[in-house]
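>
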Amino acid sequence: MNNVFVYIEIEEQTIADVSLELLTKGRELATTLGVKLEAVVAGKNVKQLAPELAAYGADTVWVADDEIFAPFRTLPHTAVMVGLIEQQKPQIVLFGATPVGRDFAPRVSSALHSGLTADCTELVIGDHKDAKTGKEYTDLLYQIRPAFGGNIIATIVNPDHRPQMATVREGVMRKEPQATPAAGEVREIDWRPMVKDTDLAVRIVERHIEERKIDIKGASIIVAGGYGLGSKENFRLVHELADVLGAEVGASRAAVDAGFTEHERQIGQTGVTVRPKLYIACGISGQIQHTAGMDGSAMIVSINTDPAAPINKIADYAITGDVNEVIPKMIKYYKQNSK
Amino acid sequence: MEMEKITKIVVLAKQVPDTRNVGKDAMTPEGTVNRAALAAIFNPEDLNALEMALQMKDRIEGATVHILTMGPQRAADIIREAMFRGADGGYLLSGREFAGSDTLATSYALSCALRKICPDIIVAGRQAIDGDTAQVGPQVAEKLGLPQITYAEQLVAIDDKQITVKRRLERGTEVVVSSLPAVITVNSSAGECRPRNAKRIMKFKYALASSELAAATPEAQKFVAERPYLQIVEFAAADVDPDPSQLGLAGSPTKVKKIENVVFQAKEAKCYTAADADIESLMVELISSHTLG
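As you go down the protein sequences, you meet chains A and B in turn. Numbers in our numbering are just positions in the first sequence, counted from 1, shifted up by 178. Numbers in our numbering are just positions in the second sequence, counted from 1, shifted up by 251.
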């Protein structure tokens, strides 16, 4: 009882990365609290996923296996989560801040009348004293998230309601299997009494899954490469850095024209306009045609061999050096210093 | 005699500070955001929601579109804005009791007002730019016991019993059918809102909420009294019969423990070389300022 729950999201019969990231974090939280980590999965033929969930630390794997749970629909998944939480009374429940998690976690929180903090970037166990009543709480979940368009960082707590619930974006937390797998004991959820006929009110009539498409407009971090990279092979470094940082890849027109990457990635007057939280310009000189599409970025890092490159006029951090040397170092020191 | 049924569409909208355009004027000398200096705007995705609601109205004979917003008196501005673009009117839910609401308390207050309004369809933007939580739509749906369709991108079909919507998934789209009433939340990838209409501006520019009307000149009061379409309905907390323990700060399960202002760097580049020590100190700085990770 009062364990840590993680909702497991299934994408085309595989476990979403964010769910494994949450298990890794959930394992850490459960160990700190001295409780168990339990995974909850609803879908079709999902029982077979238990060993993988155990490898990431799940002591228990709760399973609701039926066609009505796949593909995901809000109401049946809500009914099962609410029913199981009422029965098992976990103290913490974590969801991915994916379209699925952000769709139904709020509904679960409303049904249970407990708080939900969206898009957390950090989760920590700590104590809390209510400033007004002076009441003290031990071992609460600090839910840390950016707010106000990223202009503030807020720490949210849920002192008096259980469970404490949070969603976390994909790529924010580390994903790491445990040295020794947990028990991963499979338990069937008795879901039939939980799901009502009215929970089937929404029908899916058509479904179209696309190849992962390029979304530089929506990215909060962009690593962009320019002509300075020199070749299509070197441009791969930009992708490597982006992968590590959970970023999207952009490019200058010169890099696109030289055939280093696809046209969809072009940023600037004749491409896409972006305003991410962080823009890393690799080997981009900073012609106005390019900067017009990215000078609204909250923070700009430039890497260029020429200290007088125009990009440095709008950069917050200017690294003078060869991208082929600097990018591998950025990857190395990011990995060494991130959580 | 049988009354012809009017389909009531309500759009949940919010007036928000324009967090996307934090200019120099909005910065304090310490490099933090002065929230009061940000312009108050119509939450962008709520405009996409308004457009989808107006498209529903276009397809259903005699349907009406009204805005419901919770906020201070000045939030009536977005109701007028919506009227200029095609909405029939609106409701302003306003009162000190609502101050400090988290998403759950907000959803509860809105659901109380919606029980009074009895809409057939509720449409909302996916999320507001001041919080980016995307919680209020689904929570309102749960409080009212209604199905929800999130991330709607395109209205496919609608009649008085059901709605068909194309919605965006993480990778791809799906078309879903829901019975009505239902709550629909709309993505920014849906159609842009139609612009203001000059005739509608002339017609609705004097629309006022009750508290604004009380402060207006006797002439303005008389003018509005003679024209019911200029009266924006204003609900105080007591008008929507809430359980007071579920309102405002007291009704909010989540509490803000701490706020840290993100300090922005002045635009003068810090210079680094390609040396290991330089790159490491840059990465550490980006991580500790929450720019990365």
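All C-beta atoms, glycine included, are put in the ideal place defined by N, C-alpha and C. The structure presented is a predicted model; accordingly, all values stated were derived computationally and were not measured.
1. Examine chain B for any beta-carbon lying closer than 8 Å to the beta-carbon of LEU253 (chain A), and answer yes or no.
2. With 8 Å as the threshold, decide whether the Cβ of ASP243 (chain A) is near any Cβ in chain B.
3. Between the C-alpha atoms of THR311 (chain A) and ALA379 (chain A), what's the straight-line distance to the nearest angstrom?
4. Starting from the C-beta of THR424 (chain B), find all residues in its chain whose C-beta is less than 6 Å away, skip the five residues before and the five after it, and write them out in chain order.
5. Applying the criterion that 16 or more other CB atoms from any shown protein chain within 10 Å of the CB defines a buried residue, is PRO485 (chain A) buried or exposed?
6. Applying a beta-carbon distance threshold of less than 9 Å, which residues of chain B neighbour ALA486 (chain A)?
7. Taking GLU388 (chain A) as the query, report the chain B residues whose CB atoms sit under 7 Å from its CB, ordered along the chain.
8. Does the separation of the CB atoms of ASP297 (chain A) and THR252 (chain A) fall below 8 Å?
9. Determine the extent of the alpha helix (DSSP H) in which SER358 (chain B) is found, giving its start and end residues.
10. Quick check: what's the CA-CA separation for GLN482 (chain B) versus GLN465 (chain A)?
11. Any Cβ of chain A within less than 8 Å of the Cβ of CYS522 (chain B)?
12. Distance cutoff 8 Å, beta carbons only. Does GLU511 (chain B) sit that close to anything in chain A?
13. To which residues does DSSP link ALA403 (chain B) through a beta bridge?
14. So, GLU366 (chain A) versus GLY274 (chain A), is the Cβ gap smaller than 8 Å?
15. Starting from GLU426 (chain A), follow its DSSP beta bridges and name the residues at the other end.
16. I'd like the span of the beta strand (DSSP E) that includes THR333 (chain A), first residue to last.
17. For the structure I just gave you, are there three or more beta carbon pairs, one from the segment 322-332 of chain B and one from the segment 254-268 of chain A, closer than 8 Å?
18. For HIS541 (chain B) and chain A, any beta-carbon pair shorter than 8 Å?
19. May I have the straight-line CA-CA distance separating ALA488 (chain B) from GLY396 (chain B), to the nearest angstrom?
20. Let's test the definition: count the other Cβ atoms within 10 Å of the Cβ of ASN294 (chain B) and tell me whether it reaches 16, buried, or not, exposed.
21. Taking all protein chains shown into account, do 16 or more other C-beta atoms lie within 10 angstroms of the C-beta of GLY279 (chain A), making it buried, or fewer, making it exposed?
22. Measuring only between beta-carbons, confirm whether GLN399 (chain B) sits less than 8 Å from chain A.
23. From ALA458 (chain B) to GLY346 (chain B), what does the alpha carbon distance come to, in whole angstroms?
24. Who are the near neighbours of ALA300 (chain B) in its chain, counting only those whose CB is closer than 6 Å to its CB and skipping five residues on each side?
25. Check whether the Cβ of ASP195 (chain A) lies closer than 8 Å to any Cβ atom in chain B.
26. Just grab the DSSP bridge partners of ILE382 (chain A) for me.
27. So, are the CB atoms of ALA525 (chain B) and GLY499 (chain A) less than 8 Å apart?
28. Taking only the alpha-carbon atoms, compute the straight-line gap between GLU354 (chain A) and ALA194 (chain A) and give it to the nearest angstrom.
29. Please tell me whether PRO493 (chain B) has its Cβ less than 8 Å away from any Cβ of chain A.
30. With respect to the alpha helix (DSSP H) encompassing ASN482 (chain A), which residues constitute its N-terminal and C-terminal limits?
31. Cβ of ASP305 (chain A) within 8 Å of Cβ of LEU211 (chain A)?
32. Within the continuous beta strand (DSSP E) that includes PRO324 (chain A), where are the two ends?
33. Strictly under 8 Å for the Cβ-Cβ distance: is GLN390 (chain B) near chain A by that measure?
34. To test your reading of the DSSP string, which unbroken beta strand (DSSP E) runs of 3 or more residues are found completely within the segment 274-309 of chain A?
35. Helix, strand or coil for PRO254 (chain A), going by three-state DSSP, please let me know.
36. May I ask which residues mark the beginning and end of the alpha helix (DSSP H) holding ASP529 (chain B)?
To lay it out plainly:
1. Walking along the first sequence from the start, residue 253 (chain A) turns up at place 75. So, interface residue.
2. Here residue 243 (chain A) refers to the residue found at position 65 when the first sequence is read from its first residue. Chain B contact via Cβ: absent.
3. Position 133 of the first sequence holds residue 311 (chain A). Position 201 of the first sequence holds residue 379 (chain A). Near 44 Å, if we compare the C-alpha coordinates of ALA379 (chain A) and THR311 (chain A).
4. Position 173 of the second sequence holds residue 424 (chain B). The residues LYS417, in chain order, have a CB closer than 6 Å to that of THR424 (chain B) in the same chain once the five nearest residues on each side in sequence are set aside.
5. Position 307 of the first sequence holds residue 485 (chain A). Exposed: under 16 other Cβ atoms inside 10 Å.
6. Position 308 of the first sequence, counting from 1, holds the residue named residue 486 (chain A). In chain order: nothing, as chain B lies at least about 12 Å away.
7. Start at 1 with the first residue of the first sequence, and residue 388 (chain A) comes out as number 210. Among the residues of chain B, those whose CB is under 7 Å from the CB of GLU388 (chain A) are ARG422 and GLY423, following chain order.
8. Counting from 1 along the first sequence, the entry for residue 297 (chain A) is found at position 119. Counting from 1 along the first sequence, the entry for residue 252 (chain A) is found at position 74. Not in contact: ASP297 (chain A) and THR252 (chain A) (Cβ atoms no closer than 8 Å).
9. Within the second sequence, numbered from 1, the residue matching residue 358 (chain B) stands at position 107. SER358 (chain B): member of the alpha helix (DSSP H) spanning 354-368, first to last residue.
10. The residue you call residue 482 (chain B) lines up with position 231 of the second sequence. The residue you call residue 465 (chain A) lines up with position 287 of the first sequence. Answer to the nearest angstrom: the Cα atoms are 53 Å apart.
11. Here residue 522 (chain B) corresponds to residue number 271 of the second sequence, with the count starting at 1. Cβ-Cβ to chain A under 8 Å: yes for CYS522 (chain B).
12. Taking the second sequence and counting its residues from 1, the one referred to as residue 511 (chain B) is at position 260. True, the Cβ-Cβ gap to chain A drops below 8 Å.
13. By 1-based counting over the second sequence, the position of residue 403 (chain B) is 152. DSSP lists B:ARG418 and B:VAL437 as partners of ALA403 (chain B).
14. Translated into the one-based positions of the first sequence, residue 366 (chain A) becomes position 188. Translated into the one-based positions of the first sequence, residue 274 (chain A) becomes position 96. Going by C-beta atoms, GLU366 (chain A) is not nearer than 8 Å to GLY274 (chain A).
15. As a first step, residue 426 (chain A) is located in the first sequence; it is residue number 248 there, counting from the start. Paired residues: A:ILE400.
16. Mapped onto the first sequence, residue 333 (chain A) falls at position 155. That run of the beta strand (DSSP E) goes 330-335.
17. Flag = no, the segment 322-332 of chain B and the segment 254-268 of chain A do not touch.
18. Here residue 541 (chain B) refers to the residue found at position 290 of the second sequence. Cβ-Cβ to chain A under 8 Å: yes for HIS541 (chain B).
19. In the second sequence, residue 488 (chain B) corresponds to position 237, counting from 1. In the second sequence, residue 396 (chain B) corresponds to position 145, counting from 1. Going from the Cα of ALA488 (chain B) to the Cα of GLY396 (chain B) covers about 22 Å.
20. Stepping through the second sequence from its first residue, residue 294 (chain B) is reached at position 43. ASN294 (chain B) comes out buried.
21. The count along the first sequence starts at 1 and reaches residue 279 (chain A) at position 101. When all chains shown are included, GLY279 (chain A) counts as buried.
22. Within the second sequence, residue 399 (chain B) is the residue found at index 148, counting from 1. Yes, GLN399 (chain B) lies at the interface with chain A (some Cβ there is under 8 Å from its Cβ).
23. Residue 458 (chain B) sits at position 207 when you count from the first residue of the second sequence. Residue 346 (chain B) sits at position 95 when you count from the first residue of the second sequence. Their Cα atoms are separated by approximately 20 Å.
24. What you label residue 300 (chain B) is simply residue 49 of the second sequence in a count that begins at 1. The residues are VAL262, VAL374, ALA375, GLY376 and VAL437.
25. Counting from 1 along the first sequence, the entry for residue 195 (chain A) is found at position 17. No, ASP195 (chain A) lies away from the interface with chain B (no Cβ there is under 8 Å from its Cβ).
26. Residue numbering aside, residue 382 (chain A) sits at position 204 when the first sequence is read from its first letter. For ILE382 (chain A), which the question treats as bridged, DSSP gives the partners B:VAL427.
27. For the purposes of this step, residue 525 (chain B) is taken as the residue at position 274 of the second sequence. For the purposes of this step, residue 499 (chain A) is taken as the residue at position 321 of the first sequence. Yes, Cβ-Cβ distance for ALA525 (chain B) and GLY499 (chain A) is below 8 Å.
28. Position 176 of the first sequence, counted from the start, is the residue given in the question as residue 354 (chain A). Position 16 of the first sequence, counted from the start, is the residue given in the question as residue 194 (chain A). When rounded, the distance between both Cα atoms is 14 Å.
29. Numbered from its first residue, the second sequence carries residue 493 (chain B) at position 242. By this cut-off, PRO493 (chain B) is not an interface position.
30. In the first sequence, residue 482 (chain A) corresponds to position 304, counting from 1. That residue, ASN482 (chain A), is in no alpha helix (DSSP H); its beta strand (DSSP E) goes 478-482.
31. As a first step, residue 305 (chain A) must be located in the first sequence, where it is residue number 127. As a first step, residue 211 (chain A) must be located in the first sequence, where it is residue number 33. Contact flag unset, no.
32. Within the first sequence, numbered from 1, the residue matching residue 324 (chain A) stands at position 146. From DSSP, the beta strand (DSSP E) with PRO324 (chain A) extends over 314-325.
33. Sequence index remark: in the second sequence, residue 390 (chain B) carries index 139 (1-based). Yes, contact with chain A.
34. 294-298 and 300-307
35. Along the first sequence, one-based indexing puts residue 254 (chain A) at 76. Judged by DSSP in its simplified three-state form, PRO254 (chain A) adopts helix.
36. For the purposes of this step, residue 529 (chain B) is taken as residue 278 along the second sequence, with counting starting at 1. First-last of the alpha helix (DSSP H) with ASP529 (chain B): 527-539.
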